[in-house]
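Per the numbering used here, numbering of the sequence shown is gapless, rising by one per residue and ending at 357.
The beta carbon of each residue, even a glycine, is placed where N, CA and C say it ideally should be.
Fair warning: this is a prediction, and the values are worked out from it, not measured in the lab.
For reference, the structure is listed below as structure tokens.
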Amino acid sequence: MTNRENFLSLIRRTGYEWVPVEFSLCPYLEERLKKEMGVEDYQEYFRFPWRMVEDIRLPGHDVQQYRRFYQRPLAEGADIDIWGIGHEKSPNSMHMTYMRHPLEDAEDTQDLQKYPFPDFAHGENAHQKEQVEAIRKRDQIAVGNMQTTIWETAWYLRGMENLFCDMMAEEDTAEFLLDKVLEISMLRARSYAEAGVDVIYFGDDIGMQHTIMMSEELYCRWLKPRLARLVAMVKGINPDILVFYHSCGFIEPFIPHLIEAGIDVLNPIQSECMDFKAICRQYGGRISFHGTIGTQTVMPHGTPEEVKKAVRENLDAAGERGGLFVAPTHMLEPEVPLENIFAYVEACRDYRK
Numbered sequence: 005m006t007n008r009e010n011f012l013s014l015i016r017r018t019g020y021e022w023v024p025v026e027f028s029l030c031p032y033l034e035e036r037l038k039k040e041m042g043v044e045d046y047q048e049y050f051r052f053p054w055r056m057v058e059d060i061r062l063p064g065h066d067v068q069q070y071r072r073f074y075q076r077p078l079a080e081g082a083d084i085d086i087w088g089i090g091h092e093k094s095p096n097s098m099h100m101t102y103m104r105h106p107l108e109d110a111e112d113t114q115d116l117q118k119y120p121f122p123d124f125a126h127g128e129n130a131h132q133k134e135q136v137e138a139i140r141k142r143d144q145i146a147v148g149n150m151q152t153t154i155w156e157t158a159w160y161l162r163g164m165e166n167l168f169c170d171m172m173a174e175e176d177t178a179e180f181l182l183d184k185v186l187e188i189s190m191l192r193a194r195s196y197a198e199a200g201v202d203v204i205y206f207g208d209d210i211g212m213q214h215t216i217m218m219s220e221e222l223y224c225r226w227l228k229p230r231l232a233r234l235v236a237m238v239k240g241i242n243p244d245i246l247v248f249y250h251s252c253g254f255i256e257p258f259i260p261h262l263i264e265a266g267i268d269v270l271n272p273i274q275s276e277c278m279d280f281k282a283i284c285r286q287y288g289g290r291i292s293f294h295g296t297i298g299t300q301t302v303m304p305h306g307t308p309e310e311v312k313k314a315v316r317e318n319l320d321a322a323g324e325r326g327g328l329f330v331a332p333t334h335m336l337e338p339e340v341p342l343e344n345i346f347a348y349v350e351a352c353r354d355y356r357k
């Protein structure tokens, strides 16, 4: 099999010849790994099966315009992203930021309508098809990454407590904001699908460490129908596109809803709060998985042999037809020993069905 054939067959649960590897690193750990290995592109070195395609470009989009929406000025050195969300650096964190919400003081839909949402409808996307073609020529999988797809972007803008209150009270502000974010996500996803990506990666965190973030009733009222519309749209353009979905935390009650919405692959199955083997037995015939190797436990605190054992056991649970793109469940943080990264890679390379 080629790399593309092996990956697609693995994800579609029709068998595979070898186990591909993939992981993401925080900036500090990335520099350590590059120095240790003497390489600049660790994804190329470890032969990751996929590459990301850039989003629609918005030349001339002035993020400084969003400063006027903050009642309290942003801290010096704060970054503003393309949506206008503020990110203030924290002295207590190596690379994560404190988030500020530009719409937290909006009182009604009229206030929301005045907000200058990013105009993806008039952005540049010619580069996307070119990048897809170049990635495929290298026998790799082209991925459109759109995590923080609906729910997270909406609450990043509004504030989580505010948006939950809007939803619980059936406020028009919730309908407007979620629909506006969905509208923009539809534009971005359509552009990726028409460019020919093999995988589109959606995601919104809807779980916490030991429980779901909201009731199933609230999820099915506000988020599931919007996600289903988005998935149906991209699959209408390309029925072969694979839709990945990310949510950290405990989300087991939501898995049937995600399957019904059309999700093909679920990430990350956080091992600290969900039993992959049990989930695989119950749902493995209807959905595939990406992740499963704990970044709160075995990756930072286990031995190399414990990392290898976790990889082998989860691949065994998935079975010889595949359905598991085994990987660390999240970005690897500074405390992860390089030896455990190498152990993960070695376990994948050495695995025999």
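Query	Result
I'd like the span of the alpha helix (DSSP H) that includes residue 132, first residue to last.	130-141
If you follow the alpha helix (DSSP H) that residue 149 is part of, which residue opens it and which one closes it?	Where residue 149 is concerned, there is no enclosing alpha helix (DSSP H), although the beta strand (DSSP E) it sits in stretches over 145-151.
Do the segment 127-138 and the segment 38-48 make contact, defined as three or more Cβ pairs closer than 8 Å?	no
Where DSSP assigns a beta bridge to residue 216, which residues make up the other side?	211
Jot down the residue ranges of each uninterrupted beta strand (DSSP E) in the segment 52-119, minimum 3 residues, whole runs only, in chain order.	54-57, 90-93 and 101-104
Is the beta carbon of residue 23 sitting closer than 8 Å to the one on residue 50?	no
Would you list the residues sitting across from residue 304 in a DSSP beta bridge?	Partner(s): none; residue 304 has no beta bridge.
Between the alpha carbons of residue 296 and residue 114, how many angstroms are there, rounded?	44 Å
Once you ignore the five residues that flank residue 228 on each side, which residues in its own chain have a CB closer than 7 Å to its CB?	261 and 265
Helix, strand or coil for residue 271? Go by DSSP, reduced to three states.	strand
Any idea if residue 6 is buried or exposed, counting beta-carbon neighbours within 10 angstroms, 16 or more meaning buried?	exposed
State the Cα-Cα distance for the pair residue 62 and residue 27, rounded to the nearest angstrom.	29 Å
Quick one: grab the DSSP three-state call for residue 227.	coil
Beta-carbon separation of residue 78 and residue 104 under 8 Å?	yes
What's the call for residue 157, buried or exposed, on a 16-neighbour Cβ count within 10 Å?	buried
What's the call for residue 303, buried or exposed, on a 16-neighbour Cβ count within 10 Å?	buried
Curious, which full-length beta strand (DSSP E) runs of at least 3 residues does the segment 269-355 contain?	269-271, 292-297 and 328-332
Between which residues of its own chain and residue 258 is the CB-CB distance below 8 Å, once the five residues before and five after are set aside?	210, 211, 216, 220, 223 and 251
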